[in-house]
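Here's the structure, in structure tokens; my notes come after.
Printed below as a string of structure tokens:
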């Protein structure tokens, strides 16, 4: 056989720089980054995209992508993305936010942006804690889950209940596409990629606000090996945070996506 | 039967999280405990290259986009050989 018979099934996406990420081994931030880079590459939008990085573990996301990026104050990525998208409406604009950034500090920003129906996409990473600062309890921490600031487990009597962000934003009329996906196995990752593609296509066609919540692991702060953390996600997070599409506007459901 | 493909793992990016090892459906991959990368990790490698079916599952789950998957016969393939 000659070399021409060889086909590359998978390679590192063009949307990535050559830098190694600072994420812990096994962290699904890297998977989420890769899916975004792959989707933008498939859509041919790598040179037409502006990302907004959050505060949190993904604060250095701009180092890893090959396209334009800005860095927002904690939780304020939706406000920044609003300004960018309104002044540069032909650009693909997305924010990449964790649960400490989006569901805690920036809950007001994200709700307002979704209610206004801003035409950008939000990639929301839910790993049930504040990863960067040492695994403190976040609004998404599960009842009874032990974190560094809830060492006896989250007590819902004093600390309240976790927020299901996707369901919450789906109630807003401005939101066109709101879905939750998981990143704990290959099949879920493929589904997540399809959802991200739908969200970016919806934005490209001007159909309104879109958000994808991605359930992620945090092996370091959960104190688990990556494989065990993925099992933990499937066993504990999926029952509380079911995957699915929570808001699909009529326009999005009728949208045609090439090669998907 | 010859292997249907092979993978190359970029050791600059591999952090030995073992996600590919756990998810490989044919038990092709394992961590190479005899070597360390420049970052100090035992990199994943093809322990049983003859098993590879080039399904790409390892690359799909890899958090660091370290894996390139090829389908076909590796040029100058010596059976059981290590990736260059």
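Chains as they are written, first to last, in my numbering: chain A, 1 to 260; chain B, 261 to 344. Every residue, glycine too, gets a C-beta built ideally from N, C-alpha and C.
Query, Result
"Would a C-beta distance cut-off of 9 angstroms place residue 269 of chain B and residue 314 of chain B closer than the cut-off?", "no"
"Report yes or no: is there a C-beta of chain A within less than 9 angstroms of the C-beta of residue 310 of chain B?", "no"
"I'd like to confirm the pairing. Which residues does DSSP put opposite residue 181 of chain A in its beta bridges?", "A:214"
"What is the residue span of the beta strand (DSSP E) that residue 265 of chain B lies within?", "265-269"
"Return yes when the Cβ of residue 250 of chain A is within less than 9 angstroms of the Cβ of residue 184 of chain A, no when it is not.", "no"
"How about residue 290 of chain B: is its C-beta nearer than 9 angstroms to some C-beta of chain A?", "no"
"Determine whether the Cβ of residue 264 of chain A lies closer than 9 angstroms to any Cβ atom of chain B.", "Given that chain A is displayed from residue 1 to residue 260, the structure contains no residue 264 of chain A and the question cannot be resolved."
"Grouping DSSP H, G and I as helix and E and B as strand, with all else coil, what is residue 287 of chain B?", "coil"
"For residue 278 of chain B, go through chain A and note every residue whose CB falls closer than 9 angstroms to its CB, in chain order.", "25, 26, 225, 226 and 227"
"Does the beta carbon of residue 335 of chain B fall short of 8 angstroms from some heavy atom of the ligand MG?", "Looking for the ligand MG in the displayed structure turns up nothing, as the structure carries no ligands at all."
"Measuring CB atoms only, is the segment 211-224 of chain A touching the segment 281-300 of chain B, in the sense that at least three cross pairs come out at less than 8 angstroms?", "no"
"Going along chain A in order, which residues have a C-beta closer than 7 angstroms to the C-beta of residue 319 of chain B?", "10"
"Looking at C-alpha atoms only, which residue of A:226, A:197 and A:242 is the closest neighbour of residue 275 of chain A?", "Shown here, chain A extends from 1 to 260; a query on residue 275 of chain A therefore has no answer."
"Is the beta carbon of residue 202 of chain A closer than 9 angstroms to that of residue 181 of chain A?", "no"
"Starting from residue 43 of chain A, trace the alpha helix (DSSP H) in both directions and tell me its first and last residue.", "29-43"
"Can you list, in chain order, the residues of its chain whose CB lies under 8 angstroms from that of residue 91 of chain A, leaving out five sequence neighbours each side?", "48, 49, 50, 84 and 85"
"Anything in chain A within Cβ reach of residue 328 of chain B, meaning under 8 angstroms, just list it in chain order.", "8, 10, 11 and 12"
"If we cut at 9 angstroms on Cβ distances, does residue 335 of chain B have a partner in chain A?", "yes"
"Whole alpha helix (DSSP H) runs in the segment 190-234 of chain A with 4 or more residues, listed along the chain?", "219-222 and 226-232"
"Going by DSSP in three states, residue 302 of chain B sits in which element: helix, strand or coil?", "coil"
"Flag this pair as touching only if the segment 124-143 of chain A and the segment 225-245 of chain A have three or more C-beta atom pairs under 8 angstroms; answer yes or no.", "yes"
"Taking 8 angstroms as the threshold, find out whether the segment 114-131 of chain A comes into contact with the segment 168-181 of chain A through three or more Cβ pairs.", "yes"
"Rounding to the nearest angstrom, what Cα-Cα distance links residue 287 of chain B and residue 77 of chain A in this structure?", "42 angstroms"
"Relative to the C-alpha of residue 179 of chain A, which candidate in A:244, A:45 and A:14 has its C-alpha closest?", "A:244"
"Helix, strand or coil: which one does DSSP assign to residue 71 of chain A?", "strand"
"If we ignore side chains and look at the alpha-carbon of each, how far apart do residue 296 of chain B and residue 207 of chain A end up?", "49 angstroms"
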